[in-house]
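Numbering (this note's numbering), first residue to last: 638 to 886.
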């Protein structure tokens, strides 16, 4: 091998080494130069992806929250309906028991009209002559005495409440047995012909059974501290009554 050839091979090898070193350094520099840009872009994409996922999660939560609110409203409505039905069934069962307990002609009626001007004195019910109702029949509920029928049409009757001023009911004190007459006085009632000097508040007042119309033992109310009788029936919530006929001869 000539000296010229040897030098040529040596120069070629050195050139290759220099080229490898040069281009290797440039590539590394390029990678180093682009690394911050790539890192920033990658970080930004990661955050954007996280935001999108959060937005999607928020949307799902909002939808689920709305669905839960609707379900809660539905359940509340169902619960209110069930409670109303249960109260209605309890009242009907109590009225049915009352009908069985009273051994007279009787019929269950519902309130069909109430005049705001006279609601403390009388109500209208949806049973009348067609159902056998007559003037003088007594109106009761599971709570106690309501009043008596004072006017009847073919399919309705006017019931005067026990709190009406012109109403007089033969009664007695449930424990002592003293008899007297109860008169309506608006929201409460007064007792007459009964010595209340030694009678404590809370005493029950019931019908005495004297006369043809009022069956005995029906709760009318309780004495308060002013010796007035507070009716047992809440007339503001009155919906149904049992109309009871006069005592059979």
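C-beta atoms are modelled at their ideal positions from N, C-alpha and C, and glycine is treated no differently.
Per DSSP, the beta bridge partners of residue 819 are 806, 828. Closest in alpha carbon position to residue 815, among 791, 865, 843, is 843.
Looking at 880, 777, 770, the one whose alpha-carbon comes closest to that of residue 791 is 770. Of all alpha-carbon atoms in 746, 831, 787, 749, the one lying nearest the alpha-carbon of residue 811 is that of 831.
Closest in C-alpha terms to residue 856, from the list 873, 808, 862, comes 808. Non-local C-beta neighbours of residue 752 in its own chain, meaning closer than 7 Å and more than five positions away in sequence, are absent. Contact check for residue 786 against residue 796 passes: the beta carbons are separated by less than 8 Å. Minimum Cα-Cα distance from residue 822 among the listed residues 836, 806, 835 corresponds to 806.
Residue pairing from DSSP places residue 788 in a beta bridge opposite 795.
Boundaries of the beta strand (DSSP E) harbouring residue 877: 877-881, taken from the DSSP string. Residue 711 sits in a helix when the DSSP states are folded into three classes. Counting the other CB atoms within 10 Å of its CB gives residue 839 a total below 16, which places it among the exposed residues. In the structure shown, the three-state DSSP call for residue 776 is strand. Boundaries of the beta strand (DSSP E) harbouring residue 844: 841-844, taken from the DSSP string.
Looking from the CA of residue 863, the closest CA among 875, 846, 835, 881 belongs to 835. Secondary structure of residue 849 (DSSP, three-state): coil. Taking each of 760, 754, 849 in turn and checking the Cα distance to residue 874, the smallest one comes out for 760.
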